[in-house]
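K.L.:
Got a structure for you, written out below as structure tokens; questions coming shortly.
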Amino acid sequence: MARLKPKKLRLAILISGRGSNMRALVDACADPDFPARIELVLSNKADAVGLQKAAEAGIDTVIVSNRDYGDKPAFERALDNALRRYDPDLICLAGFMRILSADFIAKWEGRIINIHPSLLPDYKGLDTHARALADGRAVAGCTVHYVIPEMDAGPVIVQREVPILPGDTADSLAERVLEQEHAAYPEAVRIVAETVGPKR
Ligand code: GRF
Numbered sequence: 062m063a064r065l066k067p068k069k070l071r072l073a074i075l076i077s078g079r080g081s082n083m084r085a086l087v088d089a090c091a092d093p094d095f096p097a098r099i100e101l102v103l104s105n106k107a108d109a110v111g112l113q114k115a116a117e118a119g120i121d122t123v124i125v126s127n128r129d130y131g132d133k134p135a136f137e138r139a140l141d142n143a144l145r146r147y148d149p150d151l152i153c154l155a156g157f158m159r160i161l162s163a164d165f166i167a168k169w170e171g172r173i174i175n176i177h178p179s180l181l182p183d184y185k186g187l188d189t190h191a192r193a194l195a196d197g198r199a200v201a202g203c204t205v206h207y208v209i210p211e212m213d214a215g216p217v218i219v220q221r222e223v224p225i226l227p228g229d230t231a232d233s234l235a236e237r238v239l240e241q242e243h244a245a246y247p248e249a250v251r252i253v254a255e256t257v258g259p260k261r
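The following block contains the structure:
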């Protein structure tokens, strides 16, 4: 007898720029055995390079520009409406450069994850690689974590370490960490699919 295929986790990916992590998720989802599929890619910036890449991959794209709204609550209402139309199981922040309010996060509790280019809780915020180098650290890395109202906090799903090499610059380190991000994000989505699963 044919076995029923488990339901895939339906993803919304939020970006603001290049979208290389989004593309890593697109590639992962191309494998029929990967337990997730992408419903939409949303950007707050109309000129995000990643949007074009998503459209080329045949994925629905949506722009919700914060500049079109008078304040953060109005922007987040528009964001929430756009997402509800697709009703994703999981929202993946992938270089999305807006900080989400506690109210917004509460509406999607346990359903938003983010990728950050450091081994959290070290180096929250921006310029993570330059700060790790300035501190003489031997190891850098990346983290995929659940989003909670406190920025760059929340339960860790996956971390990958990257050794800091002699002569590393913020750029060379960022490049090697990014390679690991591209493996870490699909790994984290798989873990969420297998542990939390779709909403219904
Ligand atoms: C990545 O380094 C990610 O960790 C951080 O923003 C960057 C986004 O890069 N949150 P990309 O748009 O996925 O290429």
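Residues are numbered in this note's numbering as their position in the sequence shown, beginning at 1, plus a constant of 61. Even glycine gets a Cβ: it sits at the ideal position worked out from N, Cα and C. Just so you know, these numbers come straight off a predicted model, no measurement behind them.
1. Within 10 angstroms of the Cβ of M212, are there 16 or more other Cβ atoms? Answer buried if so, exposed if not.
2. For D141, report the span of its alpha helix (DSSP H) as first-last.
3. Give the single residue among D188, D148, G156 and D150 whose Cα lies nearest to the Cα of R84.
4. Note down the Cα distance separating N127 from N82, rounded to an integer number of angstroms.
5. In chain order, which beta strand (DSSP E) runs of at least 3 residues are fully inside the stretch 64–102?
6. I166 by DSSP, collapsed to three states: which one?
7. Are the Cβ atoms of G80 and G111 separated by less than 7 Å?
8. Using 8 Å for Cβ pairs, my map puts V238 next to P178. What's the rounded Cβ distance?
9. Should R79 be listed as close to ligand 1, given that the test is whether its C-beta is under 6 Å from any heavy atom?
10. Do you know offhand how far P216's Cα is from V250's?
11. Under a Cβ-count criterion, where at least 16 other Cβ atoms within 10 Å of its own Cβ denotes burial, should T189 be classed as buried or exposed?
12. Pick out whichever of A139, R221 and E170 has its Cα sitting closest to the Cα of G104.
13. Can G215 be considered in contact with ligand 1, in the sense that its beta carbon sits closer than 6 Å to one or more heavy atoms?
P.N.:
In brief:
1. exposed
2. K133 to R145
3. G156
4. 22 Å
5. 70–76
6. helix
7. yes
8. 5 Å
9. yes
10. 14 Å
11. buried
12. One detail in the question is off: residue 104 reads as Ser in this sequence, not Gly. That would be A139, whose Cα lies nearest to the Cα of S104.
13. no
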